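Asks: Quick one: the structure is below, and I'll ask about it shortly.
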Ligand SMILES: [Zn+2]
Ligand SMILES: [Zn+2]
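In this note's numbering, the protein residues as written are 0 to 312.
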């Protein structure tokens with residue numbers, strides 16, 4: 000469906016990106032490649048962020064690191080409600096916008112999770128082009144919370160897509176006034192990180208941005224936006240933090256979990272939090288609601304069992 004020719008010399012491959020998309024319907028990946036042996040070709044095709052080097056007999060595949068991870072994601076739907084969702088698959092596209100790992104989710108509709116650090120609009124546009132998703136298809140941008148690294152490009156992404164911006168009502172004031180509060184560290188490493196970050200905060204400017212949807216503690220269904228899942232209120236890292244839980248168990252939790260240096264060396268609970276007992280309560284709720292895979296905003300996804308054992312649930 001969609002692949003990008005990987006030129007003989009790596010330099011300049013970006014120039015070929017859009018021209019090569021016209022080949023999308025005819026591309027097949029050779030079964031001789033090692034990557035292909037591990038994953039079906041349609042997975043690469045749908046994910047879109049694939050580079051391809053074609054010779055007469057073989058094809059080499061390289062994932063585009065600028066999209067985020069080296070692994071594509073393909074999520075099969077579980078079943079909750081209603082019937083038509085049962086066969087639905089949700090495409091998960093990770094997009095690194097600064098220090099924040101954002102996600103675009105596509106099923107019947109397209110939504111984005113988080114909006115990254117300031118001035119990341121063009122990076123988002125490039126990633127969407129590679130994923131072959133017109134930005135205007137994004138109907139909703141759920142901001143998991145109001146910290147600068149998650150909302151910095153919210154205004155720009157909102158303009159680019161026309162999507163509604165949703166943020167919990169407790170933190171709308173931060174974004175609408177361009178405030179950049181920091182959470183406290185709750186581990187020695189977390190405290191050190193925040194002390195170091197404070198030195199750079201005068202350089203970070205979040206453009207004040209109007210929020211369209213004030214999320215409340217009872218959350219929001221995403222079925223109206225074509226996504227089989229819900230926004231759940233999960234305070235702890237901050238008092239207005241929310242998570243997106245797909246019916247198939249994938250949980251996009253913002254900073255309710257972390258899995259990236261220098262925050263953490265391994266997946267687990269956040270090292271920064273306003274209320275660590277609320278972190279535990281939120282996690283108990285997410286696990287009860289069926290979270291199976293955790294997609295943190297800092298670091299790679301990991302199984303929810305890691306959190307289950309960390310909190311003794
Ligand atoms: Zn945060
Ligand atoms: Zn963060």
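Note that CB positions come from ideal geometry on N, CA and C, so glycine has one too.
Source: prediction; values computed, not measured.
Can you list, in chain order, the residues of its chain with a C-beta nearer than 7 Å to that of residue 101? Leave out the 5 residues immediately preceding and following it.
Replies: Counting from one through the chain shown, the residue named residue 101 turns up at place 102. Counting only Cβ-Cβ distances below 7 Å, and skipping sequence neighbours, we find 94, 111, 112, 113, 114 and 115.
Asks: In chain order, what residues of the same chain have a beta carbon less than 7 Å from the beta carbon of residue 169, not counting five sequence neighbours either side?
Replies: Walking along the chain shown from the start, residue 169 turns up at place 170. So the list reads 238 and 239, once near-sequence residues are dropped.
Asks: Consult DSSP for residue 236 and reduce its assignment to one of helix, strand or coil.
Replies: Translated into the one-based positions of the chain shown, residue 236 becomes position 237. Correct three-state label for residue 236: coil.
Asks: When you compare the CB positions of residue 96 and residue 251, do they come within less than 9 Å of one another, or not?
Replies: Walking along the chain shown from the start, residue 96 turns up at place 97. Walking along the chain shown from the start, residue 251 turns up at place 252. No, the Cβ-Cβ distance between residue 96 and residue 251 is not below 9 Å.
Asks: Which residues count as close to ligand 1 when the rule is a CB under 7 Å from any of its heavy atoms, in chain order?
Replies: Those residues are 144, 146, 148, 149, 182, 236, 237, 253, 254 and 271, given in chain order.
Asks: What is the rounded straight-line gap between the Cα of residue 79 and the Cα of residue 202?
Replies: Translated into the one-based positions of the chain shown, residue 79 becomes position 80. Translated into the one-based positions of the chain shown, residue 202 becomes position 203. Any reading at residue 79 is ruled out, since the residue's pLDDT is 43, under 50, leaving its predicted position unreliable.
Asks: Quick check: the Cα distance between residue 293 and residue 300, rounded to an integer number of angstroms?
Replies: The residue given as residue 293 occupies position 294 in the chain shown. The residue given as residue 300 occupies position 301 in the chain shown. Approximately 5 Å, taken between the alpha carbons.
Asks: From 210, 117 and 129, pick the residue whose C-alpha is nearest to that of residue 179; which is it?
Replies: Taking the first residue of the chain shown as 1, we reach residue 179 at position 180. When each option's Cα is compared against that of residue 179, the closest is 117.
Asks: Taking three-plus beta-carbon pairs below 8 Å as touching, is the stretch 263-272 in contact with the stretch 205-216?
Replies: Not touching, per the Cβ criterion.
Asks: Between which two residues does the beta strand (DSSP E) carrying residue 243 extend?
Replies: Residue 243 sits at position 244 when you count from the first residue of the chain shown. Element bounds for residue 243: 241-245.
Asks: Just the C-alpha distance for residue 254 and residue 260, rounded to the nearest angstrom, thanks.
Replies: By 1-based counting over the chain shown, the position of residue 254 is 255. By 1-based counting over the chain shown, the position of residue 260 is 261. For residue 254 and residue 260, the distance between alpha carbons rounds to 14 Å.
Asks: Considering only their Cβ atoms, is the gap separating residue 285 from residue 233 smaller than 9 Å?
Replies: On the chain shown, position 234 is the one that residue 233 refers to. On the chain shown, position 286 is the one that residue 285 refers to. In contact: residue 233 and residue 285 (Cβ atoms closer than 9 Å).
Asks: So, for residue 163: in the same chain, excluding its five sequence neighbours on each side, which residues have a beta-carbon less than 6 Å away from its beta-carbon?
Replies: By one-based count along the chain shown, residue 163 stands at place 164. Take residue 163, set aside five residues on each side of it, and the residues of its chain with a beta-carbon closer than 6 Å to its own are 139, 211 and 212, in chain order.
Asks: Could you check whether the stretch 125-137 touches the stretch 145-161, counting it as contact only if at least three pairs of C-beta atoms, one from each stretch, sit closer than 8 Å?
Replies: yes
Asks: Have a look at the DSSP bridge pairing and note the partners of residue 163.
Replies: As a first step, residue 163 is located in the chain shown; it is residue number 164 there, counting from the start. BP columns for residue 163 point to 139.
Asks: When you compare only the Cα positions, how much space is there between residue 152 and residue 120?
Replies: In the chain shown, counting from the first residue as 1, residue 152 sits at position 153. In the chain shown, counting from the first residue as 1, residue 120 sits at position 121. Cα to Cα, the separation comes out at about 6 Å.
Asks: Here's the rule I'm using: 16 or more other beta-carbon atoms within 10 Å means buried, otherwise exposed. How should residue 44 be labelled?
Replies: The count along the chain shown starts at 1 and reaches residue 44 at position 45. Confidence at residue 44 is low in this model, with a pLDDT of 34, below 50, so the placement of that residue is unreliable and no value is reported for it.
Asks: With DSSP as the reference, label residue 128 as helix, strand or coil.
Replies: In the chain shown, residue 128 corresponds to position 129, counting from 1. Helix.
Asks: With which residues is residue 229 paired in a DSSP beta bridge?
Replies: Position 230 of the chain shown, counting from 1, holds the residue named residue 229. Residue pairing by DSSP places residue 229 opposite 220 and 244 in a beta bridge.
Asks: With DSSP run on the structure shown, which of helix, strand or coil describes residue 42?
Replies: Position 43 of the chain shown, counting from 1, holds the residue named residue 42. Low per-residue confidence applies at residue 42: pLDDT is 36, beneath 50, and the placement is therefore not dependable enough to give any value.
Asks: Can you check whether the CB of residue 278 is closer than 9 Å to the CB of residue 235?
Replies: Reading the chain shown from its first residue, position 236 is the one you call residue 235. Reading the chain shown from its first residue, position 279 is the one you call residue 278. Against a cut-off of 9 Å, the Cβ pair of residue 278 and residue 235 comes out as a contact.
Asks: Less than 8 Å separating the Cβ of residue 98 from some heavy atom of ligand 2?
Replies: Here residue 98 corresponds to residue number 99 of the chain shown, with the count starting at 1. Checking every heavy atom of ligand 2 against the Cβ of residue 98, one is found closer than 8 Å.
Asks: Under 8 Å from any heavy atom of ligand 2, does the C-beta of residue 297 make it?
Replies: Taking the chain shown and counting its residues from 1, one reaches residue 297 at position 298. Yes, Cβ of residue 297 sits closer than 8 Å to a heavy atom of ligand 2.
Asks: Between the Cα of residue 298 and the Cα atoms of 268, 312, 147 and 311, which residue gives the shortest distance?
Replies: Looking up residue 298 in the chain shown gives position 299. If we check each option's Cα against that of residue 298, 268 comes out closest.
Asks: Which residue's Cα is closest to the Cα of residue 264: 174, 143, 186 and 176?
Replies: Along the chain shown, read from residue 1 onward, the residue named residue 264 stands at position 265. Ranking the options by Cα distance to residue 264, first place goes to 186.
Asks: What ranges does the beta strand (DSSP E) occupy inside the stretch 256-305, keeping only unbroken runs of at least 3 residues that lie completely in it?
Replies: Residue ranges of uninterrupted beta strand (DSSP E) with 3 or more members, entirely inside the stretch 256-305 and ordered along the chain, are 292-295.
Asks: Taking the CB atoms as reference points, tell me whether residue 174 and residue 141 lie closer together than 9 Å.
Replies: To locate residue 174, count along the chain shown from 1; it is residue 175. To locate residue 141, count along the chain shown from 1; it is residue 142. No; because the gap between Cβ atoms is not below 9 Å, this pair is not in contact.
Asks: Would residue 165 pass as a contact of residue 244 if the rule is Cβ separation under 9 Å?
Replies: Counted from its first residue, the chain shown places residue 165 at position 166. Counted from its first residue, the chain shown places residue 244 at position 245. Going by C-beta atoms, residue 165 is not nearer than 9 Å to residue 244.
Asks: Can you tell me where the alpha helix (DSSP H) with residue 193 in it begins and where it stops?
Replies: Position 194 of the chain shown, counted from the first residue, corresponds to residue 193. Segment 187-199, the alpha helix (DSSP H) holding residue 193.
Asks: Using a Cβ-Cβ cutoff of less than 7 Å, which residues in the same chain neighbour residue 108 once the five nearest sequence positions on both sides are dropped?
Replies: Residue numbering aside, residue 108 sits at position 109 when the chain shown is read from its first letter. Once the five neighbours on either side are set aside, the close Cβ partners of residue 108 are 138, 224, 225 and 226.
Asks: Identify the continuous beta strand (DSSP E) that holds residue 214 and give its terminal residues.
Replies: By one-based count along the chain shown, residue 214 stands at place 215. Its beta strand (DSSP E) spans residues 212-214.
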